[in-house]
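Everything below concerns the one structure shown next.
As structure tokens, this is what we get:
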């Protein structure tokens with residue numbers, strides 16, 4: 404996944420609107436399905452909790468199906484980019500310990516590990532900026548500085564375009 408420039412204000416506006424719309428649609432679906440289920444399966448001496456719960460579950464499923472159809476809509480470009488960015492970061496995070504262990508051996512320079520970390524740090528920085536996550540930014544900036552020092556020390560040229568998801572398979 405290539406990193407792209409995203410307008411933070413537009414992203415936040417579209418994310419907030421998509422969240423509000425998804426919540427409203429989920430409530431409408433859940434109420435609709437709950438009422439339909441109660442209408443057809445209600446017995447006078449029973450509590451309707453299970454039918455309402457089934458309505459909520461059907462509402463979530465319907466929302467997910469609807470979302471599959473609209474996820475590529477131009478209004479959601481920024482929201483889906485950040486969603487995909489978070490998914491990519493999560494895949495790297497699951498192997499981050501092994502990637503960092505590959506760098507701990509000072510005799511051997513693992514270019515793939517450096518490439519993965521370089522991308523992960525840049526993607527995390529963008530994600531944190533877009534989501535206003537200032538709490539972990541200082542630690543991330545320290546990690547970026549350490550990696551930049553390692554790259555300079557080893558006289559490497561590492562680009563964000565060098566990252567490929569297939570690099571993670573070896574870790």
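In my numbering, the protein residues as written are 404 to 574.
Every residue, glycine too, gets a C-beta built ideally from N, C-alpha and C.
Rounded straight-line distance, which links the Cα of residue j to that of residue i
{"i": "residue 532", "j": "residue 494", "result": "20 Å"}
{"i": "residue 417", "j": "residue 481", "result": "8 Å"}
{"i": "residue 440", "j": "residue 477", "result": "35 Å"}
{"i": "residue 454", "j": "residue 474", "result": "30 Å"}
{"i": "residue 535", "j": "residue 543", "result": "14 Å"}
C-beta neighbour in chain C for residue i, strict 7 Å
{"i": "residue 407", "result": "Annotation note: the requested chain C is absent from the structure, which comprises a single protein chain."}
For residue i, three-class secondary structure by DSSP
{"i": "residue 420", "result": "helix"}
{"i": "residue 518", "result": "helix"}
{"i": "residue 449", "result": "coil"}
{"i": "residue 404", "result": "coil"}
{"i": "residue 560", "result": "coil"}
{"i": "residue 409", "result": "coil"}
{"i": "residue 567", "result": "coil"}
{"i": "residue 513", "result": "coil"}
{"i": "residue 539", "result": "coil"}
The alpha helix (DSSP H) enclosing residue i, as first and last residue numbers
{"i": "residue 535", "result": "No alpha helix (DSSP H) holds residue 535; DSSP gives it neither H nor E."}
Neighbour-count burial assignment, residue i, 16 or more Cβ in a 10 Å radius
{"i": "residue 432", "result": "buried"}
{"i": "residue 558", "result": "exposed"}
- Item | Contained alpha helix (DSSP H) runs [length at least 4] in the segment 462-500, N- to C-terminal order | 480-497
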